[in-house]
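Heads up: the sequence shown is residues 0 to 114, going by numbering that gives the first Met the number 0.
Ideal Cβ positions, reconstructed from N, Cα and C, are used throughout, including at glycine.
In this text the structure is predicted, and so the values were computed from the model without any measurement.
Notes to accompany the following structure.
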Amino acid sequence: MLNELALEYSNIIKNTNEYKELIKLKNITDNKYSNLIISFKTKEALYLEAKQYENYYPNYKDIQNNFVEAKKELYEKEEVKEYFKLERAIQKMLDEDINDLKDSISNKFKTNKLF
């Protein structure tokens, strides 16, 4: 019963315009900006490794700057901005639904919203 409800809820989310547009933008960005994504992910991995040893890692500042530049270049693309905007909108819907569910189950939850 619970699995069926969860599946039904996921289908409701998947049928929203926001979700459909999110998937469309994901495909566009993956294809159109694949080189930027690879560059960003590579520089992010190197940065995260270097960050563990900040002061002792050779060229840490250069690695940090390269990561920041790669992120900026990718995140300034209109499709990427729209993707994150839709992602936030979907997350807001999910947060509202979980809070409504919380309120319908019990009034013993703290009055602060979960999300």
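Buried/exposed call for residue i, threshold 16 Cβ in 10 Å
i	result
Phe-83	exposed
Leu-24	buried
Lys-40	exposed
Ala-69	buried
Ala-5	exposed
Cβ-Cβ distance between residue i and residue j below 8 Å
i	j	result
Tyr-59	Glu-53	yes
Glu-17	Ile-89	yes
Leu-21	Leu-85	yes
Lys-76	Tyr-32	yes
Expected contact under 8 Å - CB spacing of residue i and residue j to nearest Å
i	j	result
Ala-27	Glu-78	A small correction: the amino acid at residue 27 is Ile; Ala does not occupy that position in the sequence shown. Correct: roughly 5 Å between the Cβ atoms.
Own chain residues within Cβ distance below 8 Å of residue i, not counting five before or after
i	result
Lys-80	Tyr-74
Cutoff 6 Å; reference residue i; Cβ partners in own chain excluding five residues on either side
i	result
Ile-62	Leu-45, Tyr-46, Ala-49
Open item on the list: To test your reading of the DSSP string, which unbroken alpha helix (DSSP H) runs of 4 or more residues are found completely within the region 53 to 105?
Closed with: 59 to 74, 77 to 104
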